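Residue 177 in our numbering sits at position 112 of the sequence shown; the count goes up by one each step and never skips.
Every residue, glycine too, gets a C-beta built ideally from N, C-alpha and C.
This structure is a prediction, so every number in the text was calculated from the model and none was measured.
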Amino acid sequence: MRLNTKLIGAFMIMGLIILIGGLLGPIGISQLGDELRVVAEVHFPAIYNLGTIIEAQKNIQTSTQSLLIPEFFGNDAKKDRLFQEIKQAWERAESGWKNYGALSRSKEGEVIWSNLKPAWVTWKKDHNEIIQYLNDGKRSEALALFVGRARDNAERAEGLLKKLSDLNLKLSEEAKKEGRDSGNWQKGMVLTGTGIGVFIAVVFGIFLAGSITKPVYRTITNLSETCDHFATTSQQIASSSHQLAGGTSNQAATVEETSSAIEELSSITQQNVNKVQILEKISSDTAVKWNETFEFFRQLKRATKEIKLSSEETSKIIKTIGEIAFQTNLLALSASVEAAQSSEFGTGFSVVAQEVRNLARRSTEAAKNTTTLIEETIKLINNGENLVMASMGSLVEYGRVSTPITSFSVKAGEVAQKQAQGLEQINLAIAEISRTAQSNASSAQESASAAQEINAQALSMINVVEKLKQVAGVTG
66 MRLNTKLIGA FMIMGLIILI GGLLGPIGIS QLGDELRVVA EVHFPAIYNL GTIIEAQKNI
126 QTSTQSLLIP EFFGNDAKKD RLFQEIKQAW ERAESGWKNY GALSRSKEGE VIWSNLKPAW
186 VTWKKDHNEI IQYLNDGKRS EALALFVGRA RDNAERAEGL LKKLSDLNLK LSEEAKKEGR
246 DSGNWQKGMV LTGTGIGVFI AVVFGIFLAG SITKPVYRTI TNLSETCDHF ATTSQQIASS
306 SHQLAGGTSN QAATVEETSS AIEELSSITQ QNVNKVQILE KISSDTAVKW NETFEFFRQL
366 KRATKEIKLS SEETSKIIKT IGEIAFQTNL LALSASVEAA QSSEFGTGFS VVAQEVRNLA
426 RRSTEAAKNT TTLIEETIKL INNGENLVMA SMGSLVEYGR VSTPITSFSV KAGEVAQKQA
486 QGLEQINLAI AEISRTAQSN ASSAQESASA AQEINAQALS MINVVEKLKQ VAGVTG
């Protein structure tokens, strides 16, 4: 195997190892980005919109129950206010319903969603019927429907909503776990690949060194022996009167070989110039791609920050809802006490007040749970932001390392160009020397007999040199 083939193979193996190590990073980042996108674009919006629907349903139920209280039912101002609250709650519910319907869902989520839609329509129909009774002044019929069939349908719809919300929370936790497992796997792969790469490099280096040095040592030994014979013959030539003629002939042959070697070296140098120019262009293109990648991570960082701010604002709103539910609980408690001290109608009012307290307590718990979910989401977003910052740091470090390479490529191109020009001038000078040597050789024909022995030894040396050239992979 030729030397250049061995060297090319060694560098190709090392390049492959580096390429594999370099690809593991972008692949890991891409996988983590996909998982963050699912959480940010599917699970988090789903949890938010389902929470909006649940909150709106509770407000509708609470306001409707208040309308059934005689004190509110007989007060037009309070009744109008409650009707307005119900209308606004329905608008929020419809908005959340529409937004969630546009999101993608898992198979299990699609099954729950299919069951929820008819349950929601049934409850909405019951509620509209209750409102119609209230508008017609039929409070008793509205109350009977509210505490009977409508309540069962409302609880069924609420249960499916909560089940769907819990499913999205579970899926977001699974996505978080998958992201963590993916990161650990990438870390293990990088460490394993690095260890294998170092081991292969050491083993291949030892093998390559042995395969190169042994043939070179043998060739050098033969060359040394040939040189000894050449020295003995040269002493005989030194005693000959034809020393000058023999030297001239040898000079002519040497100049011819040198001229050929210079021409070949000039061709190789020109090829190097072309390769360096290609390398310079590749380095420039790499710098452009690096800038594009860095800009992408900047935009990703900005988007993550905006999501985080939106989550914090949502958390504040949910906390406010919890405080309102707490105040409602206190009012319901006061109403219950007043009802207990009132006339015979106070018993019914006390039951309604107790139901209001239960709804307020459930609203408080739902607000706390929603706040906890949003805080967990903010933590996940912070983790994603940290990963983006780490990736941007790696890109900055890559840019810092690649900048000297680009500068070196430009300088190498300039040096190679100057080298090609210098070799061209040397080639012209060698051609002139060759013409002079050939002119001198024409007058040295009388010393041909004395140069025969030198020629035989020179042929032996040429054979040895040819072997060395084969080992080194040199042609021509």
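Inter-residue Cα distance where the pair is residue i and residue j
{"i": "Ala-397", "j": "Thr-412", "result": "14 Å"}
{"i": "Pro-135", "j": "Trp-155", "result": "24 Å"}
{"i": "Tyr-113", "j": "Glu-377", "result": "12 Å"}
{"i": "Asp-217", "j": "Glu-440", "result": "33 Å"}
{"i": "Phe-362", "j": "Lys-241", "result": "20 Å"}
{"i": "Ser-459", "j": "Leu-438", "result": "32 Å"}
{"i": "Asn-447", "j": "Ser-237", "result": "15 Å"}
{"i": "Ala-431", "j": "Thr-393", "result": "14 Å"}
{"i": "Gln-484", "j": "Ile-333", "result": "11 Å"}
{"i": "Pro-469", "j": "Glu-329", "result": "31 Å"}
{"i": "Phe-272", "j": "Gly-244", "result": "42 Å"}
{"i": "Arg-422", "j": "Lys-152", "result": "22 Å"}
{"i": "Gln-251", "j": "Gly-258", "result": "10 Å"}
{"i": "Ser-324", "j": "Lys-346", "result": "33 Å"}
{"i": "Met-457", "j": "Lys-366", "result": "9 Å"}
{"i": "Ile-343", "j": "Glu-322", "result": "32 Å"}
{"i": "Val-402", "j": "Val-416", "result": "11 Å"}
{"i": "Lys-189", "j": "Ala-209", "result": "16 Å"}
{"i": "Gly-311", "j": "Thr-297", "result": "15 Å"}
{"i": "Gly-139", "j": "Ala-111", "result": "40 Å"}
{"i": "Ser-349", "j": "Ser-525", "result": "51 Å"}
{"i": "Ile-383", "j": "Leu-256", "result": "45 Å"}
{"i": "Gly-260", "j": "Glu-462", "result": "23 Å"}
{"i": "Lys-340", "j": "Phe-264", "result": "31 Å"}
{"i": "Thr-127", "j": "Glu-388", "result": "16 Å"}
{"i": "Ala-425", "j": "Lys-172", "result": "34 Å"}
{"i": "Thr-429", "j": "Ser-399", "result": "18 Å"}
{"i": "Leu-548", "j": "Gly-174", "result": "The chain is shown from 66 up to 541; residue 548 falls before or after that span and cannot be answered."}
{"i": "Gln-503", "j": "Glu-518", "result": "21 Å"}
{"i": "Gly-74", "j": "Ala-455", "result": "35 Å"}
{"i": "Ala-266", "j": "Leu-445", "result": "40 Å"}
{"i": "Gln-522", "j": "Asn-528", "result": "10 Å"}
{"i": "Ile-119", "j": "His-108", "result": "16 Å"}
{"i": "Thr-129", "j": "Ser-169", "result": "33 Å"}
Alpha helix (DSSP H) segment containing residue i, residue limits
{"i": "Gln-122", "result": "109–132"}
{"i": "Ala-142", "result": "141–166"}
{"i": "Ser-171", "result": "Element bounds for Ser-171: n/a, residue is neither H nor E."}
{"i": "Ser-304", "result": "Counting along the chain, Ser-304 falls outside any alpha helix (DSSP H), and DSSP gives it neither H nor E."}
{"i": "Phe-554", "result": "Outside the displayed range of the chain (66 to 541) lies residue 554, so it cannot be described from this structure."}
Reduced DSSP category for residue i - H, G, I as helix; E, B as strand; rest coil
{"i": "Gln-251", "result": "helix"}
{"i": "Lys-203", "result": "coil"}
{"i": "Gln-406", "result": "coil"}
{"i": "Ser-507", "result": "coil"}
What runs of the beta strand (DSSP E), each 3 residues or longer, lie entirely inside the segment 327–360? none
Could you tell me which uninterrupted alpha helix (DSSP H) segments, each at least 4 residues in length, are contained entirely in the segment 383–448, listed from first to last along the chain? none
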